[in-house]
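When we follow the UniProt record's numbering, the leftmost residue of the sequence shown carries the number 1, and every step to the right adds one.
The structure appears below as structure tokens.
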Amino acid sequence: MKVTIYTDSQYAFGVAHSFGRLWKERGFLTSHGTKIQHGQLVNELLESLTLPLQVAIVKCSAHKNVTDDVGRGNAFADEIAKETAKDVMNRMYGAGPARWVGDVGMCEDTIQGVKSLQAEASEKELNVWKESTGKLDENGCWVDLSEHQ
């Protein structure tokens with residue numbers, strides 16, 4: 001089986017082509033010896049890339065020419081990602097019917113990832129969250145429920 005994967009994410013491209021392999025060799029640790037974020041997901045991606053007989057990963061432009069197949073596919077993937085993110089929030093907070101694409105949910109890894117990313121927020125950003133409609137949910141994640149009320 002041959003597979004061509006197009007991505008507009010420089011990070012995903014780099015994981016697949018360079019630093020993902022380095023992380024795997026280091027046991028998914030940074031140069032400082034701490035665990036990388038989303039190490040399990042990176043490992044699953046790297047393992048998935050070994051399944052087809054031939055894999056090509058191609059970096060494409062984001063939000064550019066949507067008239068060719070690659071541009072249309074990228075626009076479609078962006079739209080599905082946005083809808084899925086909204087659907088996850090709708091499911092979590094009961095804000096109406098959700099249209100699901102695939103089996104997506106807030107697993108413990110995702111919750112920990114969100115908390116880890118939010119922990120890196122600046123004090124200024126944290127104050128914006130506190131002063132707006134942001135609040136901590138039962139998982140300890142900052143959420144904005146303004147669209148869901």
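Glycine is no exception: its CB is placed at the ideal position from the N, C-alpha and C atoms.
DSSP state of residue i, grouped into three classes?
i, result
"L53", "coil"
"N139", "coil"
"E147", "With a pLDDT of only 49 at E147, under the threshold of 50, the placement of this residue in the model should not be trusted; the figure read from the coordinates follows. The answer is helix: DSSP assigns E147 an H, G or I state."
"G27", "coil"
"G134", "strand"
"T84", "helix"
"A121", "coil"
"S48", "helix"
"D68", "coil"
"A62", "coil"
"V15", "helix"
Based on the DSSP secondary-structure assignment, which residues constitute the bridge partners of residue i?
i, result
"T4", "A56"
"K115", "The partner list for K115 (beta bridge, DSSP) is empty, contrary to what the question assumes."
"K35", "L29"
Quick one: is residue i buried, meaning 16 or more other Cβ sit within 10 Å of its Cβ, or exposed?
i, result
"N74", "buried"
"G20", "buried"
"V128", "exposed"
"V3", "exposed"
"V42", "buried"
"D69", "exposed"
Does the structure place the region 36-50 close enough to the region 6-24 that three or more beta carbon pairs sit under 8 Å?
Pairwise C-beta distances place the region 6-24 in contact with the region 36-50, as three or more of them are shorter than 8 Å.
At least 3 beta-carbon pairs within less than 8 Å: the region 55-70 vs the region 2-11
Contact holds between the region 55-70 and the region 2-11, because three or more Cβ pairs, one in each stretch, are under 8 Å apart.
Say whether the region 22-33 touches the region 77-84, bearing in mind that this needs 3 or more beta-carbon pairs closer than 8 Å, one atom from each stretch.
No contact exists between the region 22-33 and the region 77-84.
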